[in-house]
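S.K.: Just so we're aligned, residue 10 is where the sequence shown starts under the numbering used here, counting upward by one.
Yeah, the Cβ is synthetic: ideal placement off N, Cα and C, and Gly gets one too.
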Amino acid sequence: MELRALFRVWLVLLVCSVAMPARAATKVNATLSSASVSVGESVDFEVFVEGSVRAEQPPAPEVEGLEFRGSSQSSQMSIIGSDVSQRVTYTFRYVARKEGKFNFPEVDVTVGGQHLKTEPRTLTVKPGAPAKGAGDIAFATIEPLKKNAYVGEDIGVEIRAYFDASARWALANKPLLTAEGFNTRDILPVPGNQSEQEMGGKRYGAVVYQTVVTPTKAGKLKLGTATLRAQYSRTRRNPYDPFGGGMGRAEEMEVSAPEVEIDVKPLPVDGRPKDFAGAIGDFTSFEGSGTPTRVKIGEPITMTLTIKGRGNFGRITTPPLADHDGWNAYDSEESFQAGDAHGITGAKVFKLPVSPLVPQTTMPVFLFSFFDPETERYRTLKTDAAPLVVEGAPVAIAPAVVAPQAVPVPIPEAKPDLLPNLPVPDVARSFRPVLTPTLLFGTILAPLPFLAGLLVWRARKSDPLAGPMAALRRERAELAALVRRAENRADLYEAAGRVLQIEAALARREPAMSFDDEEVLATRDLTEPAAAAVRELLAARAELLFAGGGRGERVASVERDRVLDAIAGWERSRPATRFAAARMAVLGALFLFAFTSPLHAGDFEDANAAFAAGKFDDARRGFERVMSEGWQTGALFDLGNTYFRLDQPGRAVLNYERALTLSPGHPDAAANLKFVRERSAGKVGELVWYERVLGAVSSRVAPWLAIGAAWLGWLWAGSALWRRAGAAGVAGGVMLVVLGAIYGAAQLWDSEQRANDAIVLEQTDARREPADRAPLAEALGPGSRVRIISEQGEWTFVRLPSAQKGWLKTGAVERVIPPKHR
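Take a look at the structure:
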């Protein structure tokens, strides 16, 4: 019974395999194994019959300039479920004998008495390489699909390698292509890329690779050379071989294809549409559809825009609206369906919501402009205006008392924009870590800092100058505040001059301060401008004190700035060599007050007023003046908004990133950062898992979390020892201490890594080597974030958003955390 059942199943399948193809539609088609060959190379003309095996073999087409070398036939049948398909392939081989373009005519194929015809095909034959002699083992060629192109146009390139068919060979690597002045893509083997061809009366085994190059500048550019390595062995006569022969020893060789020249022209300026974004190619269709077709005012319509054809799809951005009036368009999502391995052909789809602001009768119309290199003209395609029903009244405006003849109120176009400026600058903060590594681990290992503190305390108790020096430091702190709030000139200069004398006394460890102005200056290694400013300050102080003037004169803002600049120059200088031991006693306390109260309270308000009036350059200078007294989140945020209005998105992103570094999670800074980066095409690399884990806790909180865990471990272990609870409690406490220390170390390491983050200020290209003409590693828009690995003069080595490594011009990037604040 089992054999009978199997026989029935086999019979059903046989009937299906015979009957179904007969009922299916029969199709014929013809293709060429290559659209372009050189003189002496072979090409296969293949005729496919799908849906039937009862076709009669057609005669070989006669084509002038091509020599027919023979034909072959193959068939294929596949059964997938209930679907049965059949295909017959007739292959005709030809050898090109002269250059030119040759047309394969329509081929008449008879299938079951029915006559079907194929489409005609065209073959391009290029001048051939010189005939290879019998001693030649291998050679290679670079064959671009076109030798005249435009900047930014994608060019298909074939790299062909030929090996003596009488030898055995195996490739060791894919070709390496030199392409100076071009952006390149991966070099991929053509499907079924190995074949045999005849050239110059000799048989060669051929292997074909394809890639795409894009010229980045105009001129006559050299493409090549292309090299690859192969192992080969030739047949040799062996008298001891009963079969009469054998293979020789395998050897390795390098095959190199000579360079070719491509004439690259710049894109024409005449006739360039305003919305042209760099698309070059032959794009056959631009279609748009929207759903739903009936909405109310303000409700979104999902528009799907599809661009099909051949060209540089990577340069195609979201198509703009033909008419913005009455519509509000939002950010789009894009996808690409490649039609080939390199993405030269395919379809790019954009999906974006669009909402009507007034009644409409048709869908929004979008524009797509591109340059057609074949016609050498710009073209603009439009989507169709499909029917649409929009119900409801326009967005209502609060009614007001109007004249008898009311004037219609225009409806503003609601477009996404920056969040407004912050009204207050926020307290001044520092980019430096909350705890240094020494302080962090010293706090975790509590006995060590406690002992160090005890030793310092005892040392100070034995120092006879400890008391007077401490009194001087307290006086200096009081004078630092007085410098900022003094109302008249005499008090200002007296306090500033005494601050300098106190600093000199601390440096020389002479509390009596019995030395003149020149001795004060001698305690620091001042530059000439800084020394002149300090001398002017001390001279003005002496004049006011001894002449008795200045008590009734109010301090001008400009004069206070000059005094503070002189003190700042003093602070930036180094202590004199003979006072190197006192180098740590700098004037940090003088400006510590500035981090909690701004010097010029009105500067921030003046800068915001200039911003509101559209005077963005004045606003920028004002915000930068505010931050000269200390980094403040609000001022950084408003400065980012100002740079965006000045059309400098890279610097806008830089200031938003700095604001978020000072205040992690700041909602306004995060929102505006995302807004600007999306519009500037800035790139940000994905964080690895440990960066996401370490970034989950603010850098200001993480050190205290590590210390808290460690101290909890100490308490646990100490309690276990006190109560003699056993080794388990001690081990658990020690483990918690170790985990706290590891977490603290990881946070410090992550902070050190993040200190190398930098922002790309302008559109730039990262190179694989530190040279202007090196191959492109990645194109970066303004606002892209990279991580600096090393700086080497004019070039900086960075980790790119794509996780690759490349070289950027040093001036094209700026660190988020300034180096002097690390």
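#1: According to DSSP, is N617 part of a helix, a strand, or is it coil?
#2: Under DSSP, the beta strand (DSSP E) around D381 begins and ends at which residues?
#3: Could you tell me the alpha carbon to alpha carbon distance between V572 and P446, rounded to whole angstroms?
#4: If contact is defined by three or more beta carbon pairs under 8 angstroms, each pair taking one atom from either stretch, is the stretch 678-698 in contact with the stretch 710-724?
#5: If you measure between the beta carbons of T389 and S378, is that distance less than 7 angstroms?
#6: Please classify N681: is it buried, with 16 or more other beta-carbons within 10 angstroms of its beta-carbon, or exposed?
#7: Report yes or no: do three or more beta-carbon pairs, one from the stretch 748-755 and one from the stretch 775-783, lie closer than 8 angstroms?
#8: Can you list, in chain order, the residues of its chain whose CB lies under 8 angstroms from that of Y159, leaving out five sequence neighbours each side?
#9: Closest to E342 by C-alpha separation, out of F359, D334, D332, H351, would be which residue?
#10: For a minimum of 3 consecutive residues, which ranges assigned as the beta strand (DSSP E) are wholly contained in the stretch 57-120?
#11: Using 8 angstroms for Cβ pairs, my map puts Y241 next to E260. What's the rounded Cβ distance?
#12: With distance defined between alpha-carbon atoms, name the residue in F292, R78, R563, P827 nearest to Y387.
#13: Using the Cβ count rule (16 or more neighbours within 10 Å means buried), how would you classify M744?
#14: Per DSSP, Q801 forms a beta bridge with which residues?
#15: Between which two residues does the alpha helix (DSSP H) carrying M346 extend?
#16: Can you give the Cα-Cα distance for R485 and E568, rounded to whole angstroms?
#17: Can you tell me whether DSSP reads Y699 as helix, strand or coil?
#18: Identify whether L428 lies in helix, strand or coil by the three-state DSSP scheme.
#19: Using the Cα positions of R634 and R517, report the straight-line distance between them to the nearest angstrom.
#20: Run the CB neighbour count on S171, radius 10 Å, all protein chains shown included, and call it buried at 16 or more, exposed below.
#21: Tell me which residue opens and which closes the beta strand (DSSP E) that F450 is part of.
#22: What do you reckon, are the CB atoms on V529 and A539 nearer than 7 angstroms?
#23: Here's the rule: buried if 16 or more other CB atoms are within 10 angstroms of the residue's CB, otherwise exposed. What is T150?
#24: Excluding the 5 residues preceding and the 5 following A678 in the sequence, name in chain order all residues of the same chain whose CB lies nearer than 6 angstroms to its CB.
#25: How long is the line joining the alpha carbons of V46 and V199, rounded to whole angstroms?
#26: For the structure I just gave you, are there three or more beta carbon pairs, one from the stretch 169-187 and one from the stretch 209-223, closer than 8 angstroms?
#27: Where does A697 land, buried or exposed, given buried means 16+ other C-beta within 10 angstroms?
#28: When DSSP builds the beta bridges, which residues end up paired with G214?
#29: With L501 as the anchor, note down where its alpha helix (DSSP H) starts and where it stops.
#30: Span of the beta strand (DSSP E) holding F191?
#31: From G792 to S51, what distance separates their C-alpha atoms?
#32: Under a Cβ-count criterion, where at least 16 other Cβ atoms within 10 Å of its own Cβ denotes burial, should T302 be classed as buried or exposed?
#33: Where does T389 fall in DSSP's three states?
#34: Would you mind stating whether I271 and F295 have Cβ atoms separated by less than 7 angstroms?
#35: Could you name the residues that DSSP lists as bridge partners for S45?
#36: From this set, D332, F101, E73, which residue's C-alpha is nearest S81's C-alpha?
M.R.: Quick look at the numbers:
#1: helix
#2: 376-381
#3: 36 angstroms
#4: no
#5: yes
#6: buried
#7: no
#8: P224, V273, K274, P275, L276, I289, F380, P382
#9: F359
#10: 75-89, 92-105, 109-113, 117-120
#11: 6 angstroms
#12: F292
#13: exposed
#14: W804
#15: A quick correction: the sequence has Gln, not Met, at residue 346. No alpha helix (DSSP H) holds Q346; the beta strand (DSSP E) holding it covers 342-347.
#16: 21 angstroms
#17: helix
#18: coil
#19: 34 angstroms
#20: It is worth fixing the name first, because residue 171 is Tyr in this sequence and not Ser. Buried.
#21: Careful: F450 lies outside any beta strand (DSSP E), inside the alpha helix (DSSP H) at 446-453.
#22: no
#23: buried
#24: F646, Y665, A668, L669
#25: 15 angstroms
#26: yes
#27: According to the sequence as given, residue 697 is Val; it is not Ala. Classification for V697: exposed.
#28: F172, E205
#29: 498-517
#30: 191-193
#31: 52 angstroms
#32: exposed
#33: strand
#34: no
#35: T133
#36: F101
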